[in-house]
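Notes for the one structure printed next.
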Amino acid sequence: MFFKMVWYDLKNGLLKGKWKYLFFMGLSLIICIDFRLRWNLIDSLNVPSYGDFLMYIFSGMKEYIPSPMTQFRYPEIWILVMLLTAYQILYYPYRDLSGMGKQVLINSKSRIGWWFSKCVWILCSVFVFFGIFWMVSLLFCLVTGGKCSLEISIRMYQYLGITIMPDMPSELNIQIFLLPLLVMSSLGLMQMTLSFFIKPFYSFAVTITIFVVSCYYMNPWVIGNYAMVQRSSLLVRGGMEAVHGICLALLLSAVSVGIGLLFFRRYDILDRE
Amino acid sequence: MMTIEMQGVTKIIKRNTIIDDVSVSFSSGKVYGLKGINGSGKTMMMRLISGLIRPNKGQILINGKQLWKDLNFPESIGILIENPSFLDDYSGLENLKILAGLKKKIDENTIRETIAEVGLDPNDKKKYKKYSLGMKQRLGIAAAVMEHPEILLLDEPTNALDSTGIEQLKKIIEKEKQRGALIILTCHDFELLKEFCDEIYYIDNGKITDHSIEKKEESGQV
Chain A
65 MFFKMVWYDL KNGLLKGKWK YLFFMGLSLI ICIDFRLRWN LIDSLNVPSY GDFLMYIFSG
125 MKEYIPSPMT QFRYPEIWIL VMLLTAYQIL YYPYRDLSGM GKQVLINSKS RIGWWFSKCV
185 WILCSVFVFF GIFWMVSLLF CLVTGGKCSL EISIRMYQYL GITIMPDMPS ELNIQIFLLP
245 LLVMSSLGLM QMTLSFFIKP FYSFAVTITI FVVSCYYMNP WVIGNYAMVQ RSSLLVRGGM
305 EAVHGICLAL LLSAVSVGIG LLFFRRYDIL DRE
Chain B
2 MMTIEMQGVT KIIKRNTIID DVSVSFSSGK VYGLKGINGS GKTMMMRLIS GLIRPNKGQI
62 LINGKQLWKD LNFPESIGIL IENPSFLDDY SGLENLKILA GLKKKIDENT IRETIAEVGL
122 DPNDKKKYKK YSLGMKQRLG IAAAVMEHPE ILLLDEPTNA LDSTGIEQLK KIIEKEKQRG
182 ALIILTCHDF ELLKEFCDEI YYIDNGKITD HSIEKKEESG QV
């Protein structure tokens with residue numbers, strides 16, 4: 065029964081709606097074109113690698129230290145990718161409960177199953193949306209003659225103003241893929257749980273706040289920091305430790321799923337929309 | 002023999018008492034009507050029985066088993082509460098196949114038969130979002146009855162139905178009653194409600210204020 069519920073969610077909340085995928089593909093393409101144009105100014109002799117593309121999308125920003133000489137500038141690409149993904153996973157669980165999900169819940173007779181099915185849906189959705197960024201940037205990189213390598217060019221480090229080269233570049237590659245995905249998944253679970261306490265709109269406001277605060281404060285307790293590769297301890301002294309990020313993301317996921325489950329078991333299902 | 006017992010059930014939402022110390026029992030093979038003005042608590046009673054909302058006080062027993070304690074939801078229930086909701090991009094048949102696929106109690110032929118019974122064409126490829134209000138209501142009724150549940154809750158099932166639809170609904174209710182289902186329904190049209198039901202409970206401000214037994218067997222109605 066549980067797998068049927070998961071399939072129902074994947075079919076109706078993820079596989080349906082080609083426009084959102086076209087939108088994400090289009091956005092990924094625009095980001096890649098933007099990067100390629102910038103790259104021509106950075107290094108007109110060499111081509112960027114796939115790792116450079118990923119670094120451009122998921123690097124975020126360096127630590128912001130307020131001073132009269134520094135001006136705060138949002139990492140537009142990073143925050144756009146994160147917030148659009150968060151928005152895509154915002155409404156489905158809540159709206160499903162006002163629609164056919166109510167029938168599915170009664171037919172399945174399991175509130176626990178319904179909740180876990182929505183959690184699986186969140187994880188799969190984040191993976192699919194990030195997968196679009198990964199795949200489109202890979203294809204764009206190959207089509208434009210880029211190197212199919214995760215190695216990050218020295219020019220890219222220079223462009224981002226990073227002076228420390230990682231001792232273990234492979235570890236950085238893992239972080240580029242894993243940490244933004246984990247952070248987004250855990251925030252997605254938190255956002256879903258909150259949307260049942262408060263309305264989805266307000267839970268999205270909480271997600272926005274976390275990302276904005278993450279940009280301003282480099283703090284190990286503000287989870288968004290771990291999704292910014294530029295703040296990794298591999299690239300910055302006193303930067304974010306990947307292990308801490310993984311633990312914090314897993315902890316936030318477990319707490320969100322647990323609290324959500326306890327709450328949902330007693331949740332009154334009323335038509336709210 | 003299926004029974005539903007509500008014992009001293011109270012439901013408070015945002016400090017408003019929606020259902021106020023209601024004690025009532027229902028048994029199978031009968032059609033019960035709930036009569037009351039908008040906001041009197043009819044739909045909330047249905048939501049309580051279906052397990053969608055939790056009582057603040059009292060208990061609901063389904064065949065002696067307590068809802069929210071021994072059961073999450075009644076074991077065999079079909080519901081049509083307020084507006085039917087289905088997936089916009091699928092046809093009526095596809096929507097019911099998705100729902101039926103969860104329990105796999107019935108096959109596609111039974112689903113097709115039920116769709117035809119409510120006056121829809123099971124071969125119609127039209128997507129649900131293109132359905133008229135009446136068609137949506139018919140599909141909602143089909144979804145509620147297709148698995149032949151022991152408990153059938155129909156909240157305003159005549160909404161948006163034309164006279165043919167109402168006649169078809171009467172036949173379905175009668176068939177389900179003969180099968181032994183416990184049916185609870187609400188309807189704004191009191192004459193229709195009297196025609197449909199064996200017993201009617203009158204609800205006002207979340208309380209049951211009156212109860213009448215309709216003498217249909219004698220008058221040969223329904």
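Residue numbers (this note's numbering), protein chains in the order written: chain A, 65 to 337; chain B, 2 to 223. Note that beta-carbon positions come from the ideal geometry of N, C-alpha and C, so glycine has one too. Given the structure is predicted, the values throughout are model-derived calculations rather than measurements.
Can you check whether the C-beta of residue i is within less than 8 Å of a C-beta belonging to chain A?
{"i": "MET7(B)", "result": "no"}
{"i": "SER41(B)", "result": "no"}
{"i": "ILE61(B)", "result": "no"}
{"i": "ALA144(B)", "result": "yes"}
{"i": "ASN73(B)", "result": "yes"}
{"i": "GLY292(B)", "result": "No statement about residue 292(B) is possible, as the shown extent of chain B runs from 2 to 223 and does not include it."}
{"i": "LYS104(B)", "result": "yes"}
{"i": "GLN222(B)", "result": "Per-residue confidence for GLN222(B) stands at a pLDDT of 44, beneath the threshold of 50, marking its modelled position as unreliable; no derived number is given."}
{"i": "LEU100(B)", "result": "yes"}
For chain B, find out if any of its Cβ atoms is closer than 8 Å to the Cβ of residue i; answer yes or no.
{"i": "GLU337(A)", "result": "Unreliable placement is indicated for GLU337(A), whose pLDDT of 45 sits below 50; no coordinate value is reported for it."}
{"i": "LYS80(A)", "result": "yes"}
{"i": "SER162(A)", "result": "yes"}
{"i": "LEU74(A)", "result": "no"}
{"i": "SER189(A)", "result": "no"}
{"i": "LEU86(A)", "result": "no"}
{"i": "LEU334(A)", "result": "yes"}
{"i": "PHE67(A)", "result": "no"}
{"i": "ARG301(A)", "result": "no"}
{"i": "ARG100(A)", "result": "no"}
{"i": "ARG219(A)", "result": "no"}
{"i": "ARG330(A)", "result": "yes"}
Does the beta-carbon distance from residue i to residue j come in below 8 Å?
{"i": "VAL32(B)", "j": "LEU186(B)", "result": "yes"}
{"i": "VAL146(B)", "j": "THR165(B)", "result": "no"}
{"i": "LEU298(A)", "j": "GLU235(A)", "result": "yes"}
{"i": "GLY210(A)", "j": "TYR114(A)", "result": "yes"}
{"i": "GLU148(B)", "j": "ILE107(B)", "result": "yes"}
{"i": "TYR138(A)", "j": "PHE268(A)", "result": "no"}
{"i": "SER259(A)", "j": "LEU154(A)", "result": "yes"}
{"i": "MET136(B)", "j": "LEU121(B)", "result": "yes"}
{"i": "ASP77(B)", "j": "ILE5(B)", "result": "Rather than Asp, the amino acid found at residue 77(B) in this sequence is Ser. No, the Cβ-Cβ distance between SER77(B) and ILE5(B) is not below 8 Å."}
Provide the residue span of the alpha helix (DSSP H) that contains residue i, from first to last.
{"i": "GLY115(A)", "result": "114 to 122"}
{"i": "PHE88(A)", "result": "82 to 106"}
{"i": "TYR223(A)", "result": "218 to 224"}
Would you mind reading off the limits of the beta strand (DSSP E) that contains residue i?
{"i": "HIS212(B)", "result": "208 to 214"}
{"i": "LYS58(B)", "result": "58 to 63"}
{"i": "GLY309(A)", "result": "GLY309(A) -> not in any beta strand (DSSP E); alpha helix (DSSP H) instead, spanning 306 to 328."}
{"i": "LYS128(B)", "result": "It is not in any beta strand (DSSP E) - LYS128(B) carries neither H nor E in the DSSP assignment."}
{"i": "GLY52(B)", "result": "From DSSP, GLY52(B) is part of no beta strand (DSSP E); its letter is neither H nor E."}
{"i": "TYR202(B)", "result": "200 to 205"}
{"i": "MET7(B)", "result": "4 to 14"}
{"i": "ASP21(B)", "result": "17 to 28"}
{"i": "TYR33(B)", "result": "32 to 36"}
Whose C-alpha, out of the options, is nearest the C-alpha of residue i?
{"i": "ILE240(A)", "options": "LEU118(A), TRP83(A), ILE95(A)", "result": "LEU118(A)"}
{"i": "THR227(A)", "options": "ARG329(A), VAL300(A), TYR331(A)", "result": "VAL300(A)"}
{"i": "ILE94(A)", "options": "SER249(A), LEU169(A), MET256(A), VAL200(A)", "result": "VAL200(A)"}
{"i": "LYS84(A)", "options": "ASN237(A), VAL192(A), MET292(A)", "result": "VAL192(A)"}
{"i": "ARG100(A)", "options": "ILE143(A), PHE204(A), GLY81(A)", "result": "PHE204(A)"}
{"i": "MET146(A)", "options": "LYS263(A), VAL207(A), MET292(A), VAL70(A)", "result": "MET292(A)"}
Exercise for the section: Could you please tell me which residues of the stretch 140 to 173 of chain A, in chain order, have their CB closer than 9 Å to any CB of chain B? Expected result: Residues SER162, GLY163, MET164, GLY165, LYS166, GLN167, VAL168, LEU169, ILE170, ASN171, SER172, LYS173.
Handout entry: Contact set between the stretch 104 to 121 of chain A and chain B, restricted to residues whose Cβ is under 9 Å from the partner
Key = none
Problem - Interfacial residues, the stretch 47 to 58 of chain B to chain A, with Cβ spacing under 8 Å - result: ARG48, SER51, GLY52, LEU53, ILE54, ARG55
Practice task
Could you run through the stretch 77 to 98 of chain B and flag, in chain order, every residue whose CB is less than 7 Å away from some CB of chain A?
Solution key: ILE78, ILE80, GLU83, SER86, PHE87, LEU88, ASP90
Handout entry: Chain-ordered residues of the stretch 241 to 268 of chain A with a beta carbon less than 7 Å from chain B
Key = none
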